[in-house]
Amino acid sequence: MTWHLPLVPSGEPGAELTAGQDGATIRRSVLPGGVRVLTENMPGQLSATVGAWIGVGSRDETDGHFGSTHFLEHLLFKGTARRSAMDIAEAFDAVGGEANAATGKEHTCYYARVLDTDLPMAVDVIADMVTSARLDADELETERGVILEELAMNDDDPTDVVHEQFSAVVLGDHALGRPIGGTPETINAVPRDAVWDHYRWNYRPETLVVTAAGGIDHDKLVQQVTQALTDGGWDLDAATAPRDRRPSTEDRAGVPEAGAELTVKRPVEQANIIVGSTGISATDDRRFALSVLNAVLGGGMSSRLFQEIREKRGLAYSTYSFASAHGGLGTFGLYAGCASAKADQVTELLVEELEKLAHDGITEAELKRSVGQLSGGTVLGLEDSGSRMSRLGRAELVYGDLLSLAESLERIQAVTAADVQELAQDLAARPRSVVRVGPFDN
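Start counting the sequence shown at 1; every next residue gets the next number (UniProt numbering).
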């Protein structure tokens, strides 16, 4: 069964969508101001995870604002009109809770995991951060330094560098090709006005999705969210529809027509290599076939890359394939870390394995094993409230419908060997790029 999430206010306090996994109940409400609230009550849970999602990410930034989404995420923890940064930290530490945030290319999420009895506090603090951030000029300059150190730390990790450079090479001038955190140049250049504009225009009722899972009472949570946002000064009485989901149609503006090669010289022990191309979008019907393809090619110790490059030839310790899917576009790549002297050989093997899969397909044994791997991983991945909270957020912001666990498993199990080979042929035929980071001479 598929539950299609409505896009307009239902006029009811909470529309029950379905019974979720293990007797859990999933409900959705839309407040008059456009705020969406989704919950999954997990019977027997003494904890809960709540997240406030803003449907805006780094791809939505404009010239002069690059890095402002991630910058703003940092600043929301630096204090509000009612709370200092220490007050925010102490609120969660005092109850053994955890609070954090994550900026993505298409959304930002502020979340906390606490005991169910402390959920009202978590909702109040997160709502206060979202509605009433101070964005103090002095704090902004302090945090600018913190972010520059974060970027420097990432730049010291060749694996991070090769992935960032791969996105930049494959996606070119497309907004998805930019690093989420910005660059030292853009962060140094971002003025407070740019961060303030981003906050003022994008942190609004119609862009906010609140999701929670665990020991949850939906109606009480809706009341808590309404009160906390109102206390923060938001007008939830205005009849405003939620902001439309991001279009799922293919968007290739700025994406290079041809593949490219890039070598970044770094004084490290290993060469880090990615071979790949554009992939498929997050809502592409072939995403389940992609999951199976990814599992067969580089998704575990029995995968082709692991067996051929590591186990058989001893050329690498780490090798895998990966996919990154977004609205209208994605990337697909194959990674390996090896001695620089073996880089050419390993690069050829990465290409070989993808082309072999495209030409010869997969065996029934590989299909069965990969479907089992994905099915088990899907179930295990929903064991905790945090993963279920995230699933609700992605369903609302990305997919527009929520698959039950049973249907998710059915969609995985419906993938055929022919589906996988057809997708592999598509990916293998796309313009291919090679990015290497390591101790190369050129």
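Ideal Cβ positions, reconstructed from N, Cα and C, are used throughout, including at glycine. Note that the coordinates shown come from a computational prediction; the quantities given were computed from them, not determined experimentally.
For residue i, the three-state DSSP class (helix, strand or coil)
i           : result
residue 9   : Annotation note: pLDDT 38 at residue 9 (below 50); position unreliable, no value reported.
residue 3   : Confidence at residue 3 is low in this model, with a pLDDT of 49, below 50, so its placement is unreliable and the value that follows should be read with caution. DSSP places residue 3 in strand when its eight states are reduced to three.
residue 402 : strand
residue 274 : strand
residue 292 : helix
residue 53  : strand
residue 144 : helix
residue 332 : strand
residue 14  : Low confidence applies to residue 14: its pLDDT is 46, below 50, so where it sits in the model is not reliable, and the reading given next is rough at best. Note: residue 14 maps to coil in three-state DSSP.
residue 378 : helix
residue 262 : strand
residue 48  : strand
residue 68  : helix
residue 337 : strand
residue 370 : helix
residue 281 : coil
residue 62  : coil
residue 150 : helix
residue 184 : helix
residue 135 : coil
residue 441 : coil
residue 205 : helix
residue 365 : helix
residue 407 : helix
Same chain only: Cβ atoms within 7 Å of residue i, ignoring 5 sequence neighbours per side
i           : result
residue 444 : Since the first and last residues shown for the chain are 1 and 442, residue 444 lies out of range.
residue 387 : 381
residue 115 : 46, 47 and 95
residue 325 : 279, 280, 281, 282 and 287
residue 255 : 171, 172, 174 and 278
Residue i: first and last residue of the uninterrupted alpha helix (DSSP H) it sits in
i           : result
residue 128 : 119 to 132
residue 98  : Premise fails: residue 98 lies in the beta strand (DSSP E), 98 to 103, not in any alpha helix (DSSP H).
residue 218 : 218 to 231
residue 306 : Neither: residue 306 is in no alpha helix (DSSP H) and is coded neither H nor E.
residue 76  : No alpha helix (DSSP H) contains residue 76, which DSSP labels as neither H nor E.
residue 391 : 385 to 394
residue 86  : 85 to 93
residue 449 : In this structure the chain extends from 1 to 442, so residue 449 is not present and cannot be described.
residue 465 : The first residue shown for the chain is 1 and the last is 442, placing residue 465 beyond what the model contains.
residue 195 : 192 to 202
Closest by C-alpha distance to residue i, when choosing among the options
i           : options               : result
residue 429 : 209, 276 and 128      : 276
residue 150 : 187, 119, 226 and 168 : 187
residue 53  : 106, 316 and 97       : 106
residue 292 : 369, 224 and 178      : 369
residue 113 : 175, 403, 50 and 262  : 50
residue 80  : 131, 396 and 403      : 131
residue 194 : 135, 300, 420 and 25  : 135
residue 84  : 139, 172, 177 and 39  : 139
residue 422 : 397, 393, 340 and 290 : 290
residue 91  : 76, 122, 111 and 207  : 122
Continuous beta strand (DSSP E) stretch holding residue i: start and end
i           : result
residue 40  : 36 to 41
residue 25  : 25 to 30
residue 113 : 108 to 115
residue 326 : 319 to 326
residue 166 : No beta strand (DSSP E) contains residue 166, which is instead part of the alpha helix (DSSP H) from 158 to 171.
residue 433 : 433 to 438
residue 240 : Careful: residue 240 lies outside any beta strand (DSSP E) and carries neither H nor E.
residue 211 : 208 to 214
Local Cβ density within 10 Å of residue i, reported as buried at 16 or more and exposed below that
i           : result
residue 390 : buried
residue 209 : buried
residue 201 : exposed
residue 294 : buried
residue 359 : exposed
residue 166 : buried
residue 129 : buried
residue 203 : buried
residue 78  : buried
residue 97  : buried
residue 43  : exposed
Same chain, Cβ closer than 6 Å to residue i, neighbours up to 5 away in sequence not counted
i           : result
residue 162 : 272, 274, 435 and 437
residue 304 : 297 and 353
residue 199 : 72
residue 321 : 294, 297, 298 and 334
residue 318 : 337
residue 250 : 328
Own chain partners of residue i with C-beta closer than 8 Å, once the 5 adjacent residues on each side are dropped
i           : result
residue 189 : 64
residue 413 : 371 and 375
residue 137 : 192
residue 103 : 57, 58, 69, 70, 73, 180 and 181
residue 432 : 259, 275, 276, 277 and 351
residue 127 : 52, 225, 228, 229, 231 and 232
residue 364 : 417
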